[in-house]
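Chains as they are written, first to last, in the numbering used here: chain A, 1 to 226; chain B, 1 to 290.
One structure is given below, encoded as structure tokens.
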Amino acid sequence: MEISMFEVLGPVMIGPSSSHTAGAAKIARIARRVANEDVRKVLFSLHGSFAKTYKGHGTDKALVAGILGMKEDDEEIRNSFKLAQQQGIEFNFVETELKNSHENSVLIEIYDSNDICHKVIGSSIGGGRILITNIDDFEVEISAKNPVIIIKQRDRKGVVSDITSLLAKNNINIGVMRVSRKEKGIEASTVIETDDEVPINIIEQLSCIENIDDVKVLNFTQSQDW
Amino acid sequence: MYYNGKELLELAISRDVRLSDIILENEMRISGKSEMEIKQGLKRRYVIMEESAQKALTMPQDTVGAMISGDSKKINDYAERGLAISGDFIGKIMARALSCCEVNASMGRICAAPTAGSCGIVPAVIISVCEKLKLDEDSAIRGLITCSGIGAIIVKNATVAGAEGGCQAECGAAAAMTAAAVVEMAGGTPEMCLNAAAIALKNILGLICDPVAGLVEVPCAKRNASQAVNAVTSADLALAGIKSNIPFDEVVEAMYNVGKMLPYQLRETALGGLAATKTAKKISSRIYSK
Numbered sequence: 001m002e003i004s005m006f007e008v009l010g011p012v013m014i015g016p017s018s019s020h021t022a023g024a025a026k027i028a029r030i031a032r033r034v035a036n037e038d039v040r041k042v043l044f045s046l047h048g049s050f051a052k053t054y055k056g057h058g059t060d061k062a063l064v065a066g067i068l069g070m071k072e073d074d075e076e077i078r079n080s081f082k083l084a085q086q087q088g089i090e091f092n093f094v095e096t097e098l099k100n101s102h103e104n105s106v107l108i109e110i111y112d113s114n115d116i117c118h119k120v121i122g123s124s125i126g127g128g129r130i131l132i133t134n135i136d137d138f139e140v141e142i143s144a145k146n147p148v149i150i151i152k153q154r155d156r157k158g159v160v161s162d163i164t165s166l167l168a169k170n171n172i173n174i175g176v177m178r179v180s181r182k183e184k185g186i187e188a189s190t191v192i193e194t195d196d197e198v199p200i201n202i203i204e205q206l207s208c209i210e211n212i213d214d215v216k217v218l219n220f221t222q223s224q225d226w
Numbered sequence: 001m002y003y004n005g006k007e008l009l010e011l012a013i014s015r016d017v018r019l020s021d022i023i024l025e026n027e028m029r030i031s032g033k034s035e036m037e038i039k040q041g042l043k044r045r046y047v048i049m050e051e052s053a054q055k056a057l058t059m060p061q062d063t064v065g066a067m068i069s070g071d072s073k074k075i076n077d078y079a080e081r082g083l084a085i086s087g088d089f090i091g092k093i094m095a096r097a098l099s100c101c102e103v104n105a106s107m108g109r110i111c112a113a114p115t116a117g118s119c120g121i122v123p124a125v126i127i128s129v130c131e132k133l134k135l136d137e138d139s140a141i142r143g144l145i146t147c148s149g150i151g152a153i154i155v156k157n158a159t160v161a162g163a164e165g166g167c168q169a170e171c172g173a174a175a176a177m178t179a180a181a182v183v184e185m186a187g188g189t190p191e192m193c194l195n196a197a198a199i200a201l202k203n204i205l206g207l208i209c210d211p212v213a214g215l216v217e218v219p220c221a222k223r224n225a226s227q228a229v230n231a232v233t234s235a236d237l238a239l240a241g242i243k244s245n246i247p248f249d250e251v252v253e254a255m256y257n258v259g260k261m262l263p264y265q266l267r268e269t270a271l272g273g274l275a276a277t278k279t280a281k282k283i284s285s286r287i288y289s290k
């Protein structure tokens with residue numbers, strides 16, 4: 001059984017709904033990390049059950065709290081709107097239809113201080129567990145339990161093997177790896193889940209590889225500590 | 001290794017140990033943590049459970065929809081006056097389950113077990129059974145281990161999300177987990193544990209998720225109270241030697257299939273069931289016009 005008892009008894013969280021409140025906070029917290037914690041403006045597009053019940057479940061407050069970096073057990077979640085306003089962060093909610101998405105899904109578009117838009121689509125799949133399915137228009141499948149490396153690259157021969165050999169050289173074991181591209185020869189992405197924490201100097205080393213545009217490391221763990 | 005109830009039971013029987021021993025061993029293997037670290041993690045959760053099960057017994061919580069505030073105190077006072085027809089023990093269990101729900105609905109801190117909407121069942125029963133049988137905290141932690149093992153099997157083979165499976169998935173999982181734990185805490189066999197879990201889940205099979213105004217208050221809180229009672233009575237049936245004619249794994253599968261057959265109006269969307277009644281609509285417009 002690969003499901004931990006702490007996934008079943010937990011998370012310790014602020015109510016009222018593990019999928020609509022805790023899961024939502026977690027997805028938004030990941031989106032904040034994807035935006036390098038630089039958040040000026042956010043648009044939340046809510047799908048399915050999220051769209052229908054977000055006000056009552058405090059999904060809206062939880063999403064904003066996540067954007068502010070709060071964890072799902074922070075009693076300040078109920079005050080997140082006020083705290084965001086104090087920090088000068090704009091936020092809006094719209095209802096939408098996201099294709100082929102789980103009932104509890106949200107598209108988060110964060111505009112940073114340079115007005116660059118970072119996009120994350122995440123689903124809250126029950127009991128506070130989440131799945132990130134899209135980052136910046138690339139399909140991914142991240143459950144935020146293991147460290148993740150997200151690489152944006154040109155779609156050229158050899159890039160993937162450069163990445164894997166560099167990781168091997170640094171003694172980092174690849175658990176899951178997914179390469180996708182928007183169009184042949186243009187932009188591609190590589191998402192790698194690793195078994196162990198990824199040291200920050202790996203970002204620099206990976207960035208030096210030819211045809212790599214961007215590298216992000218999110219050191220998720222099984223516990224709620226990150 | 002086990003992936004379902006049958007495999008878990010076979011392991012426990014072949015080694016003549018409790019379900020919680022196998023579940024704990026599995027956790028050590030997948031997490032790389034020691035028994036002590038795992039138990040400490042569970043203790044931290046138990047503290048949160050105790051707090052949320054206690055808080056609203058004496059102090060009504062200001063919930064978002066104001067539909068359940070003070071209910072925990074009412075049944076607690078009533079039971080403490082010795083008036084409960086179902087007895088002090090059941091009265092206290094319901095009061096504790098309702099307390100957790102009030103704390104949850106007021107955006108307070110709870111431990112999902114397995115979800116927030118069903119967070120009252122495990123704490124109310126484990127705490128009350130420990131009191132009744134005069135068990136120590138270690139036994140409570142043992143109970144939580146059994147709970148989580150049964151819950152993991154349901155997560156793995158079905159779902160615990162109301163949006164996917166309805167209330168039977170959330171409160172049903174909680175009741176099944178708890179029933180198995182109570183049997184083990186009371187000294188029952190591993191087989192009895194799985195019978196109790198199967199009986200509890202059968203008792204709630206088909207229950208929809210129809211939250212009034214989309215809030216986790218009505219009917220969720222009272223369903224936590226009734227499912228906490230379901231867990232205890234199912235445990236008693238199993239401890240008496242009554243078997244579930246349908247094995248636990250098949251009940252879990254049936255629950256999952258029923259969940260998939262439920263139209264989306266009956267899966268947490270607040271579009272059907274009690275949520276679609278005249279009164280619920282009135283309550284809903286009162287809350288959202290604020």
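C-beta atoms are modelled at their ideal positions from N, C-alpha and C, and glycine is treated no differently.
Here the structure is a predicted model, which is why all the values come from computation and not from measurement.
Original post:
Given a threshold of 16 other Cβ atoms within 10 Å of its Cβ, counted over all protein chains shown, does Arg15/B qualify as buried or as exposed?
Top reply: Counting C-beta atoms within 10 angstroms of its own C-beta, Arg15/B has fewer than 16 neighbours from the protein chains shown and is therefore classed as exposed.
Original post:
Taking Cβ to Cβ, would you say Leu9/A is nearer than 8 Å to Arg267/B?
Top reply: Not in contact: Leu9/A and Arg267/B (Cβ atoms no closer than 8 Å).
Original post:
Leaving out the 5 sequence neighbours to the left and right, which residues in its chain are closer than 8 Å to Glu75/A when beta-carbon positions are compared?
Top reply: The residues are Ile14.
Original post:
Do Val47/B and Ala116/B have their C-beta atoms closer together than 8 Å?
Top reply: For Val47/B and Ala116/B, no; Cβs fall outside 8 Å.
Original post:
Can you tell me where the alpha helix (DSSP H) with Arg15/B in it begins and where it stops?
Top reply: Run containing Arg15/B: 5-15, per the alpha helix (DSSP H) assignment.
Subject >> Rounded separation between Val159/A and Asp136/A - CA only >> reply: The alpha-carbon atoms of Val159/A and Asp136/A are separated by roughly 20 Å.
Original post:
Leaving out five residues before and five after Asp249/B in sequence, what residues of the same chain have Cβ atoms less than 6 Å from its Cβ?
Top reply: These residues qualify, in order along the chain: Asn4, Gly5, Lys6.
**OP:** Identify whether Gly32/B lies in helix, strand or coil by the three-state DSSP scheme.
**Re:** Collapsing the DSSP output to three states places Gly32/B in coil.
Original post:
Using a Cβ-Cβ cut-off of 7 Å (strictly less than) and excluding sequence neighbours within five positions of Glu97/A, which residues of its own chain qualify?
Top reply: Cβ neighbours of Glu97/A within its own chain (closer than 7 Å, five residues either side excluded): His47.
**OP:** Establish whether the CB of Glu197/A and some CB of chain B are separated by less than 8 Å.
**Re:** Cβ-Cβ to chain B under 8 Å: no for Glu197/A.
Original post:
How many whole angstroms separate the CB atoms of Ile227/A and Ile110/A, which I take to be in contact at a CB cut-off of 8 Å?
Top reply: Because chain A spans 1 through 226 in this model, residue 227/A falls outside it and cannot be assessed.
Original post:
Using the beta-carbon count (16 or more within 10 Å), is Cys208/A buried or exposed?
Top reply: It counts as exposed.
Original post:
Is the number of C-beta pairs between the stretch 226-234 of chain B and the stretch 93-110 of chain B that are closer than 8 Å three or more?
Top reply: Contact holds: three or more Cβ-Cβ distances are below 8 Å.
**OP:** With DSSP collapsed to three states, give me the class of Val8/A.
**Re:** In this structure, Val8/A counts as helix in the three-state DSSP scheme.
Original post:
Name the chain B residues whose beta carbon is nearer than 8 Å to that of Ala22/A?
Top reply: The answer, in chain order, is Ala112, Ala116.
Original post:
Hey, is Ile48/B's beta-carbon within less than 8 Å of any beta-carbon in chain A?
Top reply: Output row for Ile48/B: interface = yes.
Original post:
Straight-line CA distance for Leu9/B to Met1/B?
Top reply: Going by the C-alpha atoms only, they are around 11 Å apart.
Original post:
What span of residues does the alpha helix (DSSP H) with Arg109/B cover, start to end?
Top reply: Counted as a single uninterrupted DSSP element, the stretch harbouring Arg109/B is not any alpha helix (DSSP H) but the beta strand (DSSP E) occupying residues 109-111.
Subject >> DSSP three-state assignment for Cys193/B, whether helix, strand or coil >> reply: In the displayed model, Cys193/B falls within a helix according to three-state DSSP.
Original post:
What are the residues that DSSP puts in a beta bridge with Leu43/A?
Top reply: Under DSSP, Leu43/A shares a beta bridge with Asn92/A, Glu109/A.
Original post:
In whole angstroms, what separates the C-alpha of Leu43/A from that of Ser86/B?
Top reply: Distance between the alpha carbons of Leu43/A and Ser86/B is about 51 Å.
**OP:** Taking only runs that begin and end inside the stretch 127-192 of chain A, name each unbroken beta strand (DSSP E) of 3 or more residues, in chain order.
**Re:** With a minimum length of 3 residues, the unbroken runs of beta strand (DSSP E) contained wholly in the stretch 127-192 of chain A fall at 129-135, 138-142, 148-154, 174-181.
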